[in-house]
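Q: Residue numbers (my numbering): 1 to 235.
Cβ coordinates follow ideal geometry from the N, Cα and C atoms, glycine included.
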Amino acid sequence: MVVPNHVAIIMDGNGRWARERLMPRYYGHREGVKSLKRIVSYSSDIGIKILTVYAFSTENWKRPIREVQALMQLMEQTFALELEELIANGVRVKVIGDIASLSPKQQRIWQMAEERTKHNQRLLLNVAFNYGGRMEIVRAVRSIAEAVQEGRLAVDQITDDVFVQYLFTNDLADPDLIIRTGGELRLSNFLLWQGAYAEWYFTDTLWPDFDVEEFEKALASFRQRERRFGSIKEK
Ligand code: FPP
């Protein structure tokens with residue numbers, strides 16, 4: 001059975017899930033962590049190698065301060081509680097995003113999570129945190145311009161392969177399948193470069209309700225896609 005090598009997920013709908021239950025939005029995010037745990041565990045069981053999740057975008061700072069703080073705290077708690085289990089299960093954690101502008105405490109948590117899981121090989125859990133696709137591309141362009149200015153790189157050396165080295169994901173394989181829960185049909189600044197040839201799967205299911213059965217539906221849909229990467233079907 002074909003299993004995508006790299007699955008990426010926009011985990012949307014936590015707020016609505018909580019509102020439907022007359023609970024604060026934070027409650028939905030907390031429930032969302034449980035979904036994330038289920039999907040991490042299942043991904044590793046079925047042989048997915050890379051799972052990228054959109055946990056906090058560069059635009060999420062526009063949310064009320066209470067919600068932003070709650071999301072930051074949730075991230076801290078999750079890693080405090082789950083790190084040992086992630087290690088035991090062979091999950092390597094990597095963060096992509098502008099980590100340098102987070103608080104020193106947040107930065108320490110991400111560094112610790114990456115450091116303590118760096119030898120794990122079963123599944124790479126790539127967490128997009130303070131991440132935005134445009135910011136990532138602009139940042140890459142700036143670094144490339146600097147390299148050219150300093151004579152470390154010639155203009156005609158700038159190719160796709162060189163460009164990706166300047167992205168947060170470096171030479172990580174591109175996502176094969178990108179799932180968005182919560183019913184919206186948009187990209188929301190997620191993996192703009194890396195998603196160029198990804199297959200997309202949109203579902204109305206809210207992220208806290210996204211379980212193994214829902215995940216299997218997305219994987220079944222992926223298996224039916226014919227991926228041509230701009231070419232034509234082989235005879
Ligand atoms: C989108 O739902 C969800 C988020 C902005 C946060 C997702 C974060 C988690 C699931 C927590 C896990 C993170 C870590 C690193 C432990 P929304 O709030 O936009 O929902 P709505 O569209 O219904 O309002």
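#1: Using three-state DSSP, classify R19 as helix, strand or coil.
#2: Could you spell out the range, first to last residue, of the alpha helix (DSSP H) harbouring V138?
#3: Quick check: V95 and V127, are their CB atoms within less than 7 Å of each other?
#4: Is the region 75 to 91 touching the region 148 to 157 in the sense that three or more CB pairs, one from each, lie closer than 8 Å?
#5: Could you give the first and the last residue of the continuous alpha helix (DSSP H) run that contains L83?
#6: Taking D176 as the reference, give the member of E114, E199, W110 and T159 with the closest Cα.
#7: Counting along the chain, where does the alpha helix (DSSP H) carrying Y42 start and finish?
#8: Would I48 be called buried (16 or more neighbouring beta carbons within 10 Å of its own) or exposed?
#9: Can you tell me whether A8 sits near ligand 1, meaning its C-beta is under 6 Å from at least one heavy atom of the ligand?
#10: Any heavy atom of ligand 1 closer than 6 Å to the Cβ of T78?
#11: So if DSSP puts I9 in a beta bridge, which residue, or which two residues, is it bridged to?
#12: Would L102 and A140 qualify as a contact pair, given that the criterion is a beta-carbon distance under 7 Å?
#13: Specify, as a first and last residue, the run of the alpha helix (DSSP H) that V164 falls within.
#14: Please identify the residue among Q149, G132, V212 and E146 whose C-alpha is closest to the C-alpha of L36.
#15: Quick check: is any heavy atom of ligand 1 less than 6 Å from the C-beta of G97?
#16: Taking 6 Å as the cut-off, does the CB of V16 come closer than this to any heavy atom belonging to ligand 1?
#17: To the nearest angstrom, report how far apart T203 and R186 are at their CA atoms.
#18: Just confirm the distance between the C-beta atoms of V93 and E114, as a whole number of angstroms; I'd bet it's less than 8 Å.
#19: Buried or exposed: Q194, going by 16 or more other Cβ atoms within 10 Å of its Cβ?
#20: Taking the beta strand (DSSP E) that V91 belongs to, which residues open and close that run?
#21: Given 6 Å as the limit, tell me if A55 has its C-beta closer than that to any heavy atom belonging to ligand 1.
#22: How should G230 be labelled, buried or exposed, when 16 other C-beta atoms within 10 angstroms of its C-beta is the threshold for buried?
#23: Enumerate in chain order the residues of its own chain whose CB-to-CB distance from R246 is below 8 Å, with the five nearest sequence positions on each side excluded.
#24: Less than 7 Å separating the beta-carbons of G133 and F190?
A: A quick look at the data gives this:
#1: Annotated three-state conformation of R19 is helix, per DSSP.
#2: Annotation: the continuous alpha helix (DSSP H) that includes V138 extends over G133 to Q149.
#3: Yes; because the gap between Cβ atoms is below 7 Å, this pair is in contact.
#4: In this structure the region 148 to 157 does not lie against the region 75 to 91, because fewer than three pairs of beta carbons, one per stretch, are closer than 8 Å.
#5: Unbroken alpha helix (DSSP H) run through L83: I65 to A88.
#6: Selection E114, E199, W110 and T159 evaluated against D176 yields E199 as nearest (Cα-Cα).
#7: In the DSSP assignment, Y42 falls within the unbroken alpha helix (DSSP H) covering R25 to I46.
#8: By the C-beta density criterion, I48 is buried, having at least 16 other C-beta atoms within 10 angstroms.
#9: A8: no, Cβ never under 6 Å from ligand 1.
#10: When distances are taken from the beta-carbon of T78 to the heavy atoms of ligand 1, the shortest one is below 6 Å.
#11: Its beta-bridge partners are V53 and I179.
#12: Not closer than 7 Å, so no.
#13: Run containing V164: D160 to V164, per the alpha helix (DSSP H) assignment.
#14: Check the Cα spacing between L36 and each of Q149, G132, V212 and E146: the tightest is with V212.
#15: No, the Cβ of G97 stays beyond 6 Å of every heavy atom of ligand 1.
#16: The question names Val, but residue 16 in the sequence shown is Arg. Yes - ligand 1 has a heavy atom lying nearer than 6 Å to the Cβ of R16.
#17: Their Cα atoms are separated by approximately 12 Å.
#18: Cβ-Cβ separation between V93 and E114: approximately 6 Å, consistent with a contact (criterion under 8 Å).
#19: Its Cβ being crowded by 16 or more others within 10 Å, Q194 is buried.
#20: V91 to I96 is the extent of the beta strand (DSSP E) around V91.
#21: Relative to ligand 1, the nearest heavy atom lies less than 6 Å away from the CB of A55.
#22: Classified as exposed, G230 has fewer than 16 neighbouring CB atoms from the shown chains inside 10 Å of its CB.
#23: Since the first and last residues shown for the chain are 1 and 235, residue 246 lies out of range.
#24: Pairing G133 with F190 gives a Cβ-Cβ distance under 7 Å.
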